[in-house]
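Engineer: Can you keep this structure in mind? I'll have questions shortly.
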Amino acid sequence: MNYNFSAEKIENKQGDFVFTLLIVLLAGIGISALFSASYYYGNYKFGDSGYFFIRQLSFMIVGFFLAFSVSRIPLPLIIRFIPLLLFISLILMLATFIPGIGREMMGGRRWIIIAGKSFQPSEFVKLSIILYLAGILSKKHEKIYDFFNSVLPPFLIVGIFTALIIAQNDFSTAAFVMIVSLSMFYVAGVRYGYFVLIFMTIIPLAGMLLFSKEHRVRRIMSYLDPGSDPSNAGYQVLSARRALSNGGFWGAGIGLGTQKLGGLPEAHSDFIFAVIGEEAGILGVTFIIVLFLAMAVRGYALALKFREKNLFAYFLTFGLTTSILYQALINMAVVSGMLPVTGITLPFFSHGGSSIIVTFIMCGLLLNLSRNQKILLENIVE
Numbered sequence: 008m009n010y011n012f013s014a015e016k017i018e019n020k021q022g023d024f025v026f027t028l029l030i031v032l033l034a035g036i037g038i039s040a041l042f043s044a045s046y047y048y049g050n051y052k053f054g055d056s057g058y059f060f061i062r063q064l065s066f067m068i069v070g071f072f073l074a075f076s077v078s079r080i081p082l083p084l085i086i087r088f089i090p091l092l093l094f095i096s097l098i099l100m101l102a103t104f105i106p107g108i109g110r111e112m113m114g115g116r117r118w119i120i121i122a123g124k125s126f127q128p129s130e131f132v133k134l135s136i137i138l139y140l141a142g143i144l145s146k147k148h149e150k151i152y153d154f155f156n157s158v159l160p161p162f163l164i165v166g167i168f169t170a171l172i173i174a175q176n177d178f179s180t181a182a183f184v185m186i187v188s189l190s191m192f193y194v195a196g197v198r199y200g201y202f203v204l205i206f207m208t209i210i211p212l213a214g215m216l217l218f219s220k221e222h223r224v225r226r227i228m229s230y231l232d233p234g235s236d237p238s239n240a241g242y243q244v245l246s247a248r249r250a251l252s253n254g255g256f257w258g259a260g261i262g263l264g265t266q267k268l269g270g271l272p273e274a275h276s277d278f279i280f281a282v283i284g285e286e287a288g289i290l291g292v293t294f295i296i297v298l299f300l301a302m303a304v305r306g307y308a309l310a311l312k313f314r315e316k317n318l319f320a321y322f323l324t325f326g327l328t329t330s331i332l333y334q335a336l337i338n339m340a341v342v343s344g345m346l347p348v349t350g351i352t353l354p355f356f357s358h359g360g361s362s363i364i365v366t367f368i369m370c371g372l373l374l375n376l377s378r379n380q381k382i383l384l385e386n387i388v389e
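Residue numbers (my numbering): 8 to 389.
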């Protein structure tokens with residue numbers, strides 16, 4: 008793979024003001040919404056109404072620092088370390104199954120303990136898989152018609168990681184990684200016939216896995232008819248709908264929502280969008296959706312600039328943008344009842360260190376690609 012970057016030319020002082028502004032707006036609104044959604048639960052569980060706010064703020068500070076750092080790292084250096092990042096992701100995923108290192112929570116071994124802090128490796132997998140696919144698809148693009156040499160090997164790598172995530176009892180994250188990966192395969196020009204083969208493999212396996220666990224079946228049933236079990240499986244869905252309904256157009260007012268006061272489970276995490284809907288109304292949630300869509304438009308517009316000149320930058324920009332957009336849309340769809348409950352967080356808003364830090368790293372990479380686009384467009388990746 009010939010990247011042909013000039014180290015002395017890679018520095019470009021011009022940043023992307025619009026993209027930076029979108030990140031700051033989403034992060035600022037997100038931390039404010041997090042405080043409103045979490046103060047009751049924080050006080051109830053830890054005797055500190057600011058418990059989750061302080062934690063999230065510290066995660067965001069780390070995230071901002073990492074985003075800034077990543078935006079300044081020469082892209083050739085990042086490219087050079089992609090195999091190492093993928094290997095580290097594999098080691099971290101395997102570590103979740105080691106007693107004393109892996110931590111079981113909510114029925115799954117999804118966390119590891121490092122220096123007394125919990126970390127969710129599958130969040131890091133989202134990033135490393137995008138980087139890996141951007142590299143391998145740009146390298147194999149001229150032979151993308153060759154299924155066994157250009158399509159099957161990267162698909163198997165993705166399959167290994169999704170299998171490990173499923174083994175952690177995290178079906179939704181595994182599905183998310185696969186969906187983003189298949190989207191990257193699609194824009195790479197993989198033949199439709201190959202997708203038929205892939206789906207013929209994935210769909211039966213996904214169906215068996217989906218119905219192999221009772222809690223997954225309950226989630227599907229509560230999605231189809233939440234009223235059939237309003238006090239158990241359907242409770243969270245109905246509470247979220249109630250919160251959104253209470254908000255109306257203008258909202259009840261910031262901090263004045265009632266469902267977060269013990270009525271809505273995970274109000275500070277997976278279902279924070281419902282709290283926003285109750286307090287800021289249709290107007291508020293529409294504004295947030297517009298911000299995410301604006302970020303996506305900015306990202307995809309940047310990707311299209313790279314399409315003819317720099318395939319690695321094209322695939323990487325597309326993958327990062329797609330990951331952030333899909334995650335936001337899936338979370339919103341779950342909260343509004345359009346999809347079954349998944350456990351997928353809302354970027355910039357939901358509480359969680361691993362998720363917010365990886366989101367900021369992705370944004371840092373997008374800023375890197377944007378600020379160096381003139382240099383990248385002069386260096387064709389084949």
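Glycine included, each C-beta is placed from N, C-alpha and C at the ideal position.
Quick one: Cα of R249 to Cα of I85, how far?
Structural biologist: Along the sequence shown, one-based indexing puts residue 249 at 242. Along the sequence shown, one-based indexing puts residue 85 at 78. Rounded to whole angstroms, R249 to I85 spans 46 Å at the Cα level.
Engineer: So G196 packs on I151, CB below 8 Å; how close in whole Å?
Structural biologist: In the sequence shown, the residue the question calls residue 196 occupies position 189. In the sequence shown, the residue the question calls residue 151 occupies position 144. 5 Å between Cβ atoms; contact.
Engineer: Check this for me: beta carbons of G254 and G284, under 8 Å apart or not?
Structural biologist: Translated into the one-based positions of the sequence shown, residue 254 becomes position 247. Translated into the one-based positions of the sequence shown, residue 284 becomes position 277. Their beta carbons are under 8 Å apart, which means G254 touches G284 by this criterion.
Engineer: L376 to L92, Cα distance in whole Å?
Structural biologist: To locate residue 376, count along the sequence shown from 1; it is residue 369. To locate residue 92, count along the sequence shown from 1; it is residue 85. Answer to the nearest angstrom: the Cα atoms are 19 Å apart.
Engineer: Look at the alpha carbon of F126 and the alpha carbon of L28, and state the distance between them as a whole number of angstroms.
Structural biologist: In the sequence shown, residue 126 corresponds to position 119, counting from 1. In the sequence shown, residue 28 corresponds to position 21, counting from 1. F126 and L28: Cα-Cα distance of roughly 28 Å.
Engineer: Rounding to the nearest angstrom, what Cα-Cα distance links L263 and G350 in this structure?
Structural biologist: For the purposes of this step, residue 263 is taken as residue 256 along the sequence shown, with counting starting at 1. For the purposes of this step, residue 350 is taken as residue 343 along the sequence shown, with counting starting at 1. Distance between the alpha carbons of L263 and G350 is about 25 Å.
Engineer: With respect to the alpha helix (DSSP H) encompassing E286, which residues constitute its N-terminal and C-terminal limits?
Structural biologist: Locating residue 286 in the sequence shown gives position 279, where the first residue counts as 1. Unbroken alpha helix (DSSP H) run through E286: I279 to F313.
Engineer: Less than 8 Å between C-beta atoms, sequence neighbours within five positions excluded: which residues of the same chain meet that for G371?
Structural biologist: Translated into the one-based positions of the sequence shown, residue 371 becomes position 364. Within the same chain, G371 has close Cβ partners L73, A74, F75, S76, V77 and S78.
Engineer: Can you give me the C-alpha to C-alpha distance between I120 and I61, rounded to a whole angstrom?
Structural biologist: If you number the sequence shown from 1, residue 120 lands on position 113. If you number the sequence shown from 1, residue 61 lands on position 54. Across the structure, I120 and I61 are spaced so that their CA atoms are roughly 20 Å apart.
Engineer: Thinking C-beta only, is G49 closer than 8 Å to S43?
Structural biologist: In the sequence shown, counting from the first residue as 1, residue 43 sits at position 36. In the sequence shown, counting from the first residue as 1, residue 49 sits at position 42. Not in contact: S43 and G49 (Cβ atoms no closer than 8 Å).
Engineer: Which runs of the alpha helix (DSSP H) spanning at least 4 residues fall entirely within the stretch 349 to 380, listed in chain order?
Structural biologist: For the stretch 349 to 380, whole alpha helix (DSSP H) runs of length 4 or above, ordered along the chain, are 360 to 378.
Engineer: I'd like to know whether the C-beta atoms of S96 and S135 end up nearer to each other than 8 Å.
Structural biologist: Within the sequence shown, the letter at position 89 stands for residue 96. Within the sequence shown, the letter at position 128 stands for residue 135. Yes. Within cutoff.
Engineer: Where does N317 sit, in a helix, a strand or coil, going by DSSP?
Structural biologist: Working through the sequence shown from its first residue, we reach residue 317 at position 310. Three-state DSSP puts N317 in a strand.
Engineer: Report, in whole angstroms, the separation of the C-beta atoms of Q175 and G115, which I expect to be a contact under 8 Å.
Structural biologist: Counting from 1 along the sequence shown, the entry for residue 175 is found at position 168. Counting from 1 along the sequence shown, the entry for residue 115 is found at position 108. Yes, Q175 and G115 are in contact; Cβ-Cβ is about 5 Å, under 8 Å.
Engineer: Pairing CB atoms from the stretch 213 to 224 with CB atoms from the stretch 173 to 191, are three or more of them under 8 Å?
Structural biologist: yes
Engineer: Is it the case that the Cβ atoms of I279 and L353 are separated by a distance below 8 Å?
Structural biologist: Within the sequence shown, numbered from 1, the residue matching residue 279 stands at position 272. Within the sequence shown, numbered from 1, the residue matching residue 353 stands at position 346. Cβ atoms of I279 and L353: closer than 8 Å.
Engineer: With the cut-off set at 8 Å, would you say L138 and L323 are in Cβ contact?
Structural biologist: The residue labelled residue 138 in the question sits at position 131 within the sequence shown. The residue labelled residue 323 in the question sits at position 316 within the sequence shown. Yes, the pair counts as a contact, with Cβ atoms nearer than the cut-off.
Engineer: Out of curiosity, what's the CA-to-CA distance linking V132 and F168?
Structural biologist: Taking the first residue of the sequence shown as position 1, residue 132 is located at position 125. Taking the first residue of the sequence shown as position 1, residue 168 is located at position 161. A direct Cα-Cα distance of roughly 8 Å separates V132 from F168.
Engineer: To the nearest angstrom, how far is the alpha carbon of Q243 from that of A281?
Structural biologist: In the sequence shown, the residue the question calls residue 243 occupies position 236. In the sequence shown, the residue the question calls residue 281 occupies position 274. Straight-line Cα distance between these residues: approximately 10 Å.
Engineer: Mapping DSSP to helix, strand and coil, what is G123?
Structural biologist: The residue given as residue 123 occupies position 116 in the sequence shown. In this structure, G123 counts as coil in the three-state DSSP scheme.
Engineer: Just how far apart, CA to CA, sit G37 and I143?
Structural biologist: Taking the first residue of the sequence shown as 1, we reach residue 37 at position 30. Taking the first residue of the sequence shown as 1, we reach residue 143 at position 136. Their backbone Cα atoms lie some 35 Å apart in a straight line.
Engineer: When burial is assigned at 16 or more other CB atoms within 10 Å of the CB, is G54 buried or exposed?
Structural biologist: Taking the sequence shown and counting its residues from 1, the one referred to as residue 54 is at position 47. When all chains shown are included, G54 counts as exposed.
Engineer: Can you list, in chain order, the residues of its chain with a C-beta nearer than 7 Å to that of I30? Leave out the 5 residues immediately preceding and following it.
Structural biologist: Residue 30 sits at position 23 when you count from the first residue of the sequence shown. These residues qualify, in order along the chain: C370.
Engineer: Using the C-alpha atoms, what's the distance from L332 back to Q380?
Structural biologist: Reading the sequence shown from its first residue, position 373 is the one you call residue 380. Reading the sequence shown from its first residue, position 325 is the one you call residue 332. Rounded to whole angstroms, Q380 to L332 spans 21 Å at the Cα level.
Engineer: Can you tell me the Cα-Cα spacing of S129 and K312, whole angstroms?
Structural biologist: By 1-based counting over the sequence shown, the position of residue 129 is 122. By 1-based counting over the sequence shown, the position of residue 312 is 305. Approximately 30 Å, taken between the alpha carbons.
Engineer: As a quick exercise: from G359, G344 and T103, pick the residue whose alpha carbon is nearest that of G234.
Structural biologist: Translated into positions along the sequence shown, residue 234 becomes position 227. That would be G344, whose Cα lies nearest to the Cα of G234.
Engineer: In the DSSP assignment, what are the bridge partners of W118?
Structural biologist: In the sequence shown, the residue the question calls residue 118 occupies position 111. Looking at the DSSP assignment, W118 forms a beta bridge with R110.
Engineer: If we call anything under 8 Å between Cβ atoms a contact, is F162 one with I205?
Structural biologist: Stepping through the sequence shown from its first residue, residue 162 is reached at position 155. Stepping through the sequence shown from its first residue, residue 205 is reached at position 198. Taking 8 Å as the Cβ cut-off, F162 and I205 qualify as a contacting pair.
Engineer: Mapping the DSSP letters down to three states, classify Y152 as helix, strand or coil.
Structural biologist: Residue 152 sits at position 145 when you count from the first residue of the sequence shown. Three-state result, Y152: coil.
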